[in-house]
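Just so we're aligned, residue 1 is where the sequence shown starts under the UniProt record's numbering, counting upward by one.
Where a beta carbon is used, it is the ideal one built from N, C-alpha and C, also for glycine.
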Amino acid sequence: MGGSAIGGDLLSNYLTDELSFPIVVIRGYDIPKFVDENSLVFAISYSGNTEETISALKKCLEAKARIIALTSGGKLEVLAQENNFPVIKVPAGIQPRAAISYLFFPILKVLERLGLIKEKSGEIEETFNILQELSKEYSAKSPIENNLAKKVALSLYQYLPLVYGSEGLLEAVAMRWKTQINENSKWPCFWNVFSELDHNEIVGYEIENSINRQVKIVYLQDKEGHLRIEQRRGITRKIIEDKVAEFIVCPTKGKGKMARMFSLIYLGDLASYYLAILNQVDPSPVACIEDLKKELDR
């Protein structure tokens, strides 16, 4: 769930043209009927206490699935010890959404060692190098005129962001932007993908209204993506640009799929951080979520 689940979404997008079987991300208490003794299940909960994950895990145990846990501890680690399935321990003490690398790369490495995917060291190295460059470009010391993360945050301040990705590589990235703006910036945000939005959401801009004038669209552009998606983006922009406050284009960096994906994740994370500063809120706590959990525990 939440920040613990995003690693699975990203892997599903990243490996969609390489795996001969699907990656299904389950966000809920139940599991699909197809889960059985031939299923490989990654039970992921950063805290180890996410109730939906624990519920689904118990049903995976009943289905005799092969299970690997990723957690910093909690009930999930205890269940792993009691039922003799392996645990990949991740460092404790941070928000789950900040643990994205700990929840993405271990699964990738497991799949690699099982011989299910190709070796990824080259793509990992490119991703590391790109993120090192961007850490300087988007740093607090970097001036606004050279800092896209700050520019995006300033543009979105006091507006309603709609983040548009593209089906495939940038689908989960768009969702990540949405959830980071929600949790870090304490601000509403929504997301969608091309070309699905061209079959429904685009119609929502037909009528001139004050709500649309408060919308700023962030388009996550994959420079190596499908040509037809870029054509659709250009046409869609022409249709809706004068009906919304702004249409912001954020392009990927790098050549490999991993670098392109993580370059935009990093941009969204930093933009949401700078937007939190503009909103004069601490980006780390999530009081509403904690309050909800307390109410559920009563």
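- Counted as a single uninterrupted DSSP element, the stretch harbouring residue 104 is not any beta strand (DSSP E) but the alpha helix (DSSP H) occupying residues 100 to 113.
- In this structure, residue 83 sits away from residue 57, with a CB-CB distance that is not shorter than 7 Å.
- Around the beta carbon of residue 183, 16 or more other beta carbons lie within 10 angstroms, which makes this residue buried.
- Taking a contact as a CB-CB distance under 8 Å, the pair residue 18 and residue 117 counts as one, their CB atoms being some 6 Å apart.
- Here residue 29 is exposed: its Cβ has fewer than 16 other Cβ atoms, across all protein chains shown, within 10 Å.
- Residue 177: member of the alpha helix (DSSP H) spanning 171 to 183, first to last residue.
- In this structure, DSSP gives residue 250 an extended state, which the three-state scheme calls strand.
- For residue 170 against residue 264, the beta-carbon gap comes to about 7 Å, under 8 Å, which counts as contact.
- Only residues of its own chain outside the window of five on either side were considered, and among them 171, 173, 174, 193 and 220 have a CB closer than 6 Å to the CB of residue 165, listed in chain order.
- Residue 129 and residue 104 have their C-alpha atoms some 18 Å from each other.
- In this structure, residue 190 sits away from residue 154, with a CB-CB distance that is not shorter than 7 Å.
- Of the residues 178, 195, 244 and 188, the one whose Cα lies closest to the Cα of residue 207 is 244.
- Nearest in C-alpha terms to residue 249, of all of 290, 217, 289 and 143, is 217.
- Residue 221: member of the beta strand (DSSP E) spanning 215 to 221, first to last residue.
- Taking the Cβ atoms as the reference, residue 89 lies roughly 7 Å from residue 72, within the contact range of under 8 Å.
- In the same chain as residue 54, and ignoring 5 residues on each side of it, the C-beta atoms closer than 6 Å to its own belong to 75, in chain order.
- Here the C-alpha atom of residue 63 lies approximately 5 Å from the C-alpha atom of residue 36.
- Here the alpha carbon of residue 124 sits roughly 35 Å from the alpha carbon of residue 280.
- Among the bridge pairs identified by DSSP, residue 56 is matched with none.
- In this chain, the alpha helix (DSSP H) harbouring residue 155 covers 148 to 156.
- Taking residue 272 as reference, the option from 11, 1, 22 and 98 with the minimal CA-CA separation is 98.
- Under the Cβ criterion (8 Å, minimum of three pairs), the region 227 to 237 does not count as touching the region 105 to 114.
- Following the DSSP letters along the chain, one finds residue 276 inside the alpha helix (DSSP H) bounded by residues 257 to 278.
- One alpha carbon belongs to residue 229, the other to residue 195, and they sit about 7 Å apart.
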